[in-house]
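K.L.:
Take 187 as the starting number for the sequence shown in this note's numbering and just add one per residue. Glycine residues also receive a C-beta, built at the ideal position from the N, C-alpha and C atoms.
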Amino acid sequence: MLNKIIIAFVVLLSIILISTFYVKKTLKEQKINAIMDQLSITLENQLETHMMDDLKTAISLSKNEALARALENDDEDLGYTLLADILNTIELNTDIHTRAQIITKDLNIFTRSWDDMYAGMPIGDARSDLDYFKTHKTPRSSIEIGRRLGLKSTVPIYKDGELLGYVEVISFFKGITEFFSTLGVDLYVLLDFKHMDSAVLMTQNLSICQSVVANRNYNYSHVQTLQNLKLKTLKHDGMMYKNNKYIFYENMYNGSSEVIGGYIFVLPERYLDYFRNPNDDISFLINVTRSSLYDVVKEDKYKNNVYDAFSASDLLDFENVIEKEDREIFFDEAYSKFDKYSKDELIQIMLNRKIIKKVDGRIK
Numbered sequence: 187m188l189n190k191i192i193i194a195f196v197v198l199l200s201i202i203l204i205s206t207f208y209v210k211k212t213l214k215e216q217k218i219n220a221i222m223d224q225l226s227i228t229l230e231n232q233l234e235t236h237m238m239d240d241l242k243t244a245i246s247l248s249k250n251e252a253l254a255r256a257l258e259n260d261d262e263d264l265g266y267t268l269l270a271d272i273l274n275t276i277e278l279n280t281d282i283h284t285r286a287q288i289i290t291k292d293l294n295i296f297t298r299s300w301d302d303m304y305a306g307m308p309i310g311d312a313r314s315d316l317d318y319f320k321t322h323k324t325p326r327s328s329i330e331i332g333r334r335l336g337l338k339s340t341v342p343i344y345k346d347g348e349l350l351g352y353v354e355v356i357s358f359f360k361g362i363t364e365f366f367s368t369l370g371v372d373l374y375v376l377l378d379f380k381h382m383d384s385a386v387l388m389t390q391n392l393s394i395c396q397s398v399v400a401n402r403n404y405n406y407s408h409v410q411t412l413q414n415l416k417l418k419t420l421k422h423d424g425m426m427y428k429n430n431k432y433i434f435y436e437n438m439y440n441g442s443s444e445v446i447g448g449y450i451f452v453l454p455e456r457y458l459d460y461f462r463n464p465n466d467d468i469s470f471l472i473n474v475t476r477s478s479l480y481d482v483v484k485e486d487k488y489k490n491n492v493y494d495a496f497s498a499s500d501l502l503d504f505e506n507v508i509e510k511e512d513r514e515i516f517f518d519e520a521y522s523k524f525d526k527y528s529k530d531e532l533i534q535i536m537l538n539r540k541i542i543k544k545v546d547g548r549i550k
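#1: Pull up the CB-CB distance for F296 and G265, whole angstroms please, since I reckon it's below 8 Å.
#2: If I measure Cβ to Cβ from N437 and keep anything under 6 Å in the same chain, skipping five residues before and after, which residues do I get?
#3: Look up L199 in the DSSP assignment and say whether it is helix, strand or coil.
#4: Name the DSSP bridge partner or partners of R285?
#5: Under DSSP, the beta strand (DSSP E) around G448 begins and ends at which residues?
#6: Distance check for V355 and P325, CA to CA, integer angstroms please.
#7: With three or more beta-carbon pairs closer than 8 Å as the criterion, would you say the region 229-241 touches the region 357-369?
#8: Taking R456 as the reference, give the member of K249, T340, A256, K431 with the closest Cα.
#9: Let me make sure I understand the geometry here. Which of T389, V386, K345, S314 has the alpha-carbon closest to that of A256?
#10: Mapping the DSSP letters down to three states, classify N405 as helix, strand or coil.
#11: By DSSP, does S478 sit in helix, in strand, or in coil?
#12: Who are L458's beta bridge partners in DSSP?
#13: By a C-beta neighbour count over all protein chains shown, 10 Å radius and 16 as the cutoff for buried, is L225 buried or exposed?
#14: Where do the ends of the beta strand (DSSP E) carrying Y374 lie?
#15: When the distance is taken between beta carbons, is E258 closer than 8 Å to A305?
#16: Excluding sequence positions up to five away, which residues of its chain have a Cβ less than 7 Å from the Cβ of K411?
#17: Skipping 5 residues on each side, what residues in its chain have a beta carbon closer than 6 Å to that of M425?
#18: Out of N414, L278, P308, point me to the one whose CA is closest to D292's CA.
#19: With DSSP as the reference, identify every bridge partner of L349, one or two as the case may be.
Now the structure itself:
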């Protein structure tokens, strides 16, 4: 009798344990699938928000009479001065850094806000997306491949019904990457290798999954995991679990609805509990306790930043000894430190720098 009771108890306990495990596994799968859906929705929302903000700026610039006059008169120096001054004023008052360029109707660069070195350079061969304006007069915002992959909001400039050229505001996924980082999700924007003939300024970018990483402020800690996964499987399944990380994939489309790359999201399993269960709130991803999660992510990501203790000038001595795989992080840190210096201070640093260079060989 006792043996029967023990057997019955063991069977009942096993059923309870198996049922509990199954329910937990099912709930976790539902949560992961819901996170994947919400990541897709959030990405779409972020892309639209950034492109609309860029489009507003581009429309405003297209209505600037002084810029239009400079373009009409082919006064490149004045165009650069006006454009740079407007965008510097925007940054000064909003802390928003904006890149914009003006393109002639013949698809040559008229001026760019970030430098005045490439006026007159033709870009038509690298920008087939501008063919859109052969049949349309309306503005266009989309992800396009130029010499770099980016969000491009382009507005035609007309005077008395005549096309003078185009104003284009460009961004490079920096803000979107930072937004997902505050959610504990690391974003990697990938461009397929087959488009690298156009994206010549990305030839030195990191390569993973038979693609080139377009965003520069990615989290390097997941790179080794991504380099060892099968992209074809990830694309087919949309999600995989590897090295205690949930990895999600979403296709990237250009303005002509062509797949030109993709987005990879990496969510470390340790951050999973910070997301609400999908049954608690339909917008659980957006309503995640972001302030507490951001503190965790920030501490986890930056507590071992080896460059914090060094000044900008000190980093110059490290340039030639940094390993190849660490150079992206190194340059990001160096650039952020040098950005705080004025032009005169930068010149002084370079004048005071001791340059030691050994040349091997002989004069012939």
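P.N.:
With the given structure in hand:
#1: Your pair F296 and G265 checks out as a contact, with CB atoms roughly 6 Å apart and the cut at 8 Å.
#2: Within the same chain, Cβ atoms closer than 6 Å to the Cβ of N437 are found at V445, G448, the five residues on either side in sequence being excluded.
#3: The answer is helix: DSSP assigns L199 an H, G or I state.
#4: For R285, DSSP records a beta bridge to I356.
#5: 445-454 is the span of the beta strand (DSSP E), which, as asked, contains G448.
#6: If you take the alpha carbons of P325 and V355, they lie about 11 Å apart.
#7: With the cut-off at 8 Å, the region 229-241 and the region 357-369 touch.
#8: R456 has its Cα closest to that of K431, out of K249, T340, A256, K431.
#9: Answer by Cα proximity: K345.
#10: Reduced to three states, the DSSP call for N405 is coil.
#11: Residue confidence for S478 is low, a pLDDT of 47 falling below 50, so the modelled location carries little weight; the figure read from the coordinates is stated next. Secondary structure of S478 (DSSP, three-state): helix.
#12: DSSP lists no partner for L458.
#13: Looking at its Cβ environment, which holds 16 or more other Cβ atoms inside 10 Å, L225 is buried.
#14: 372-378 is the extent of the beta strand (DSSP E) around Y374.
#15: Not closer than 8 Å, so no.
#16: Reading the sequence as shown, one finds Thr at residue 411 and not Lys. Apart from the 5 residues on each side of it in sequence, T411 sits with its Cβ closer than 7 Å to the Cβ of K428, N429, K431 in its chain, given in chain order.
#17: In its chain, beyond the 5 residues on either side, M222, F434 have a beta carbon closer than 6 Å to the beta carbon of M425.
#18: Minimum Cα-Cα distance from D292 among the listed residues N414, L278, P308 corresponds to P308.
#19: Beta-bridge partners assigned by DSSP to L349: Y344.
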